[in-house]
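This report refers to the structure that appears directly beneath it.
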């Protein structure tokens, strides 16, 4: 590990439920075969890079992605009992599918190595594995992210990777997942850590501050080419994670609604209850305004090349939506009413 942490996060029941790639592949084949189709498509797209590396562990790389997908689907997704509206297995598809495709189209497959593309795919699958850890922090890294890193390390070992032979993989995925931390501060007393809340309440993704954290905790890191390259990948990964701002506007707003619903769930509020009216309105107006216009920044040159223009194209519609939602939702009875107005405004903006 690059960064030390005050505790470890051992395997849980979900890890034991999906202990290896054979079980994961069977589950995906039965329940979400489109993941296998996506990986096959990506393998064909990367054929020139794969052909240039006869020793490329393509099967092992795909195995790690498939294992992570299954575990998130069980732990916080549609296969289990703790469904999170945003941080679930469909978020993996958002990044692993269309966003990485857009990145490939923007910069070309030869701009990054085959290992780099694998790491970005693994990040898509593994960075949100844990969402329920008790808040702690070290070097700015949240407990959810640290737990996800440790679980990802175990999956990599299960799939045949080792820190001795594949140090670049372990270093990079640690920095990439660590950089996805939005806010590692402890929650207020008697409140649980709410990942959906932190997206709009924090100071942004840790990725933009990782160089400073490395300067403090790993003196001399700039002389290590592996860590320097891992930092570059962490910045690209952060851009992929937050590129919902660059989706087609209705798709962007659908992800905003899912994040809002997850926030209410994690705050123990029912959107049908009057207590949710103002929090939902605040999230969809002031919260999104702060995130889109003040907080969000693309961190990498490649992220800007792939997504910045599309984000800019959403700017005017975002301002109009927030203005109109404030005007129409003057005294809502509950969060569901706010969401209904929100959906109407999104449809009208098309």
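Residue numbers (the numbering used here): 2 to 351. Don't be surprised by glycine CBs; every beta carbon is placed ideally from N, CA and C.
From the options, residue whose alpha carbon lies closest to that of residue i
{"i": "residue 83", "options": "263, 24, 346", "result": "263"}
{"i": "residue 270", "options": "206, 224, 337", "result": "337"}
{"i": "residue 341", "options": "162, 351, 273, 9", "result": "273"}
{"i": "residue 176", "options": "233, 157, 156, 225", "result": "233"}
{"i": "residue 21", "options": "77, 156, 91", "result": "156"}
{"i": "residue 317", "options": "294, 154, 237", "result": "294"}
{"i": "residue 261", "options": "283, 33, 252, 208", "result": "283"}
{"i": "residue 235", "options": "118, 173, 266, 343", "result": "173"}
{"i": "residue 109", "options": "304, 343, 345, 33", "result": "304"}
{"i": "residue 346", "options": "332, 333, 331, 324", "result": "324"}
{"i": "residue 90", "options": "78, 98, 96", "result": "78"}
{"i": "residue 61", "options": "81, 49, 26", "result": "26"}
{"i": "residue 10", "options": "322, 97, 153", "result": "153"}
{"i": "residue 47", "options": "119, 169, 8", "result": "119"}
{"i": "residue 331", "options": "135, 281, 254", "result": "281"}
{"i": "residue 210", "options": "133, 150, 299, 34", "result": "299"}
{"i": "residue 241", "options": "229, 212, 206", "result": "206"}
{"i": "residue 302", "options": "251, 124, 113, 128", "result": "113"}
{"i": "residue 310", "options": "178, 73, 248, 166", "result": "248"}
{"i": "residue 130", "options": "81, 151, 73", "result": "73"}
{"i": "residue 45", "options": "59, 314, 166, 107", "result": "59"}
{"i": "residue 343", "options": "254, 33, 314", "result": "254"}
Under 8 angstroms between C-beta atoms of residue i and residue j
{"i": "residue 160", "j": "residue 12", "result": "no"}
{"i": "residue 70", "j": "residue 126", "result": "yes"}
{"i": "residue 180", "j": "residue 239", "result": "yes"}
{"i": "residue 40", "j": "residue 30", "result": "no"}
{"i": "residue 243", "j": "residue 291", "result": "no"}
{"i": "residue 86", "j": "residue 266", "result": "yes"}
{"i": "residue 149", "j": "residue 128", "result": "yes"}
{"i": "residue 19", "j": "residue 68", "result": "yes"}
Contact test: residue i Cβ vs the ligand ZN heavy atom, cutoff 7 angstroms
{"i": "residue 346", "result": "The ligand ZN is not part of this structure, which contains no ligands at all."}
Beta-carbon proximity list for residue i, same chain, < 6 angstroms, skipping 5 on both sides
{"i": "residue 256", "result": "245"}
{"i": "residue 6", "result": "139, 147"}
{"i": "residue 104", "result": "307"}
{"i": "residue 28", "result": "71"}
{"i": "residue 97", "result": "122, 125"}
{"i": "residue 333", "result": "278, 339"}
{"i": "residue 178", "result": "128, 146, 149, 150"}
{"i": "residue 107", "result": "306, 307"}
Residue burial classification, residue i (beta-carbon count within 10 angstroms, cutoff 16)
{"i": "residue 144", "result": "buried"}
{"i": "residue 319", "result": "buried"}
{"i": "residue 312", "result": "buried"}
{"i": "residue 217", "result": "exposed"}
{"i": "residue 163", "result": "exposed"}
{"i": "residue 185", "result": "With a pLDDT of 48 at residue 185, under the threshold of 50, the predicted position of this residue should be treated as unreliable, and no value is reported."}
{"i": "residue 208", "result": "buried"}
{"i": "residue 8", "result": "exposed"}
{"i": "residue 170", "result": "buried"}
{"i": "residue 220", "result": "exposed"}
{"i": "residue 349", "result": "exposed"}
{"i": "residue 252", "result": "exposed"}
{"i": "residue 289", "result": "buried"}
{"i": "residue 2", "result": "exposed"}
Sequence-distant residues of its chain with Cβ nearer than 7 angstroms to residue i (five each side left out)
{"i": "residue 327", "result": "286"}
{"i": "residue 57", "result": "51, 115"}
{"i": "residue 335", "result": "272, 273, 274, 275, 277, 278"}
{"i": "residue 231", "result": "172, 173, 176"}
{"i": "residue 259", "result": "86, 87"}
{"i": "residue 168", "result": "227"}
{"i": "residue 54", "result": "115"}
Three-state class that DSSP yields for residue i in the structure shown
{"i": "residue 3", "result": "coil"}
{"i": "residue 107", "result": "helix"}
{"i": "residue 335", "result": "coil"}
{"i": "residue 347", "result": "helix"}
{"i": "residue 143", "result": "strand"}
{"i": "residue 84", "result": "coil"}
{"i": "residue 10", "result": "coil"}
{"i": "residue 253", "result": "helix"}
{"i": "residue 183", "result": "coil"}
{"i": "residue 308", "result": "helix"}
{"i": "residue 70", "result": "helix"}
{"i": "residue 171", "result": "helix"}
{"i": "residue 124", "result": "helix"}
{"i": "residue 138", "result": "strand"}
{"i": "residue 119", "result": "helix"}
{"i": "residue 59", "result": "helix"}
{"i": "residue 112", "result": "helix"}
{"i": "residue 155", "result": "helix"}
{"i": "residue 294", "result": "helix"}
{"i": "residue 19", "result": "coil"}
{"i": "residue 53", "result": "coil"}
{"i": "residue 89", "result": "coil"}
{"i": "residue 129", "result": "coil"}
{"i": "residue 160", "result": "coil"}
Contact with chain C by residue i, beta-carbon distance below 8 angstroms
{"i": "residue 18", "result": "The chain inventory of the structure shown lacks chain C, comprising one protein chain alone."}
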